[in-house]
Every structure is written in structure tokens, then in C-alpha cells.
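Contents: one structure, followed by commentary.
Protein chains: 2
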Amino acid sequence: MERNQTEELMALQDTLYFIGGKWRVPIINSLCNGNRRFREIERSIPGITTRMLSKELKEMEMNKLLVRTVYDETPVLVTYEPTPYCRTFGNIIQEMINWGRAHRKVVLRHA
Amino acid sequence: MERNQTEELMALQDTLYFIGGKWRVPIINSLCNGNRRFREIERSIPGITTRMLSKELKEMEMNKLLVRTVYDETPVLVTYEPTPYCRTFGNIIQEMINWGRAHRKVVLRHA
DNA sequence: TTTACTGGTATACTCAGTGATACTGGTTAC
DNA sequence: GTAACCAGTATCACTGAGTATACCAGTAAA
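Here it is in C-alpha cells:
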């Protein structure tokens, strides 16, 4: 019981650490919704800056959450494709969306 | 489709805002696991400081996530009881625990 | 009487995450 | 020629979430 509680907490904190930060989850969601190009993702998440998006996408590429592909066309075309690993967050994100919908009236957003 | 995507994102960001911060989710989890007293909760979450726990518990009381009760015994006894509202995070937390377990090997914790 | 528990408060600090703004080099459309 | 798109980079500034450490009053056990 006690041991189990500790193990649960560690699993929980691993997850929290991995999706920590303000933008990681919205970006995963955007990719899973079919957005692929930089400006497309940027537009799909109001409030995010190019700087933060760029930074997050780089980290996510390193963490194997997405694959960045540069097509040598003209003009140059870059796509960000979510990996199957990225999609393992589907359940968490869906539950978060469910919660947000159910409690829309309660939460006061910060501007 | 486009409209729907925006609505989803807002629900998602509401949730993220509400459970934002490093300690909120672990505290909810601790309460839901049956921990009730201040030092008990504190011990159940390694790394948290009294200051952060105190701060979070106050906010959570204001947000109706828990009820703080002072029993006028000797020595004084204080309990923190999760509300049904608090328990609505059960699904999200369970999914986070599941994810953490499944990907234990991949994540590198900080410290 | 000294140690350790309870439920916290007080003060000071720090730094990572985020925001704001501007800019680049190339392409296409008007 | 100029305006707007693409995919970003470069600086600078900031702030508040989180850390570290110490402390308090009361109770109780050794």
C-alpha cells in the first residue's frame, strides 16, 4: 500500500515533468489535430510566440515526439510530423479536454 | 472543424491552467489516496517544502478542492479533506500514472 | 531536560521559463 | 517596388514559481 503509493507518485511526476511547461500539451494536441507546418501550428495556438514554438519543437524532436522534415523544394518546405510516441498522450489530453469542458464555468482564465 | 479545434484548445488550456504548477497534481493525488493531515501529506510527497504545501493547500481551499477542518482538541488537529470536485481529476491523474508507468525507461528525471 | 512531534509562518534569494520586439533571407503575388 | 508569406534566429527584460533556511508555540514521550 505504502510502496504502491510511492510508485504511483513517481509515475505521476515523470509524466508531469515530461509535459511540463505551458506549451508542450497544446503543441502535441495541434500536431495530433493534423497541423504540420510551422506557421500553421503557430496560428493554431493563439498566444504562443515564434520563439517558444521554435524552442519546444526542437526539444520535442530531440525527445522523439516528432519528426522534422525539410523538403528541398522552392520555396523550402518544412513539416513536423507527430510520432506514434507522441500519440500516446492522446488519453491524457482527451481527459483534459473533457475536464475543461465539464468545468468551463468554474475556471477563471488569466486574460 | 476549425471552430471545434479552437474550442478543444480552450478546454485544454483551462485544465492546464487549473492544475498548473509543480505540486498541485501530486497534492490532489495524495488527498485522494487518503492522506489528511499536514505532515502526512508533506511526507507523502518527497521534495515538497512546508511553504509550498501551505501555499497550495490555501489556494486549493479557496478553489473548493478541499475542506480544511480544525478540531479543537488538545493537541489541535487539522484535516484536509478532498471535495467531490477534487475527485473529478481522478481520470486525468490515472491516465498520467498509466503513461508514466508505460514510459518509465524513456524519461530522465531532474535530480 | 532534551528530543521530537504537530501545524504551520517569515525572510531572503535565484533562475528557468516566458514575453516582447526586432530582424533575416528567400519567394511569390499585386 | 512593395507588401506579404515562409521558417525561423537574436536579444533583452522580467517575474513569480519554486528553493533554502530558520523559526514559532504547543504537546508528548524518553
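Chains as they are written, first to last, in the UniProt record's numbering: chain L, 1 to 111; chain Y, 1 to 111. Every residue gets a Cβ at the ideal spot worked out from N, C-alpha and C, and that includes glycine.
**OP:** Would you mind working out which of L:Arg37, L:Lys64 and L:Gln94 sits nearest Val70 (chain L), comparing C-alpha positions?
**Re:** L:Arg37
**OP:** At 7 Å on the CB atoms, spell out the chain Y contacts of Arg101 (chain L), in chain order.
**Re:** Ala11
**OP:** Return yes when at least one heavy atom of the ligand FAD lies under 7 Å from the C-beta of Asn4 (chain Y), else no.
**Re:** Absence of the ligand FAD is noted for the structure shown, with no ligands found whatsoever.
**OP:** Could you check the C-alpha separation between Leu12 (chain Y) and Glu59 (chain Y) for me, to the nearest Å?
**Re:** 21 Å
Subject >> Inter-residue Cα distance where the pair is residue 175 (chain Y) and Thr74 (chain L) >> reply: Given a span of 1 to 111 for chain Y in the structure shown, any question on residue 175 (chain Y) remains unanswerable.
**OP:** Would you check if there are 3 or more beta carbon pairs closer than 8 Å linking the region 92-102 of chain L to the region 41-49 of chain L?
**Re:** no
Original post:
Taking Cβ positions only, does Met62 (chain Y) come closer than 8 Å to chain L?
Top reply: no
Original post:
Measuring CB to CB, does Cys32 (chain L) end up less than 8 Å from Leu65 (chain L)?
Top reply: no
Subject >> Extent of the continuous alpha helix (DSSP H) run through Arg39 (chain L) >> reply: Phe38 to Ser44
Original post:
Per DSSP, Thr69 (chain L) is paired with what?
Top reply: L:Thr79
Subject >> Local conformation of Gly100 (chain Y) per DSSP, three classes >> reply: helix
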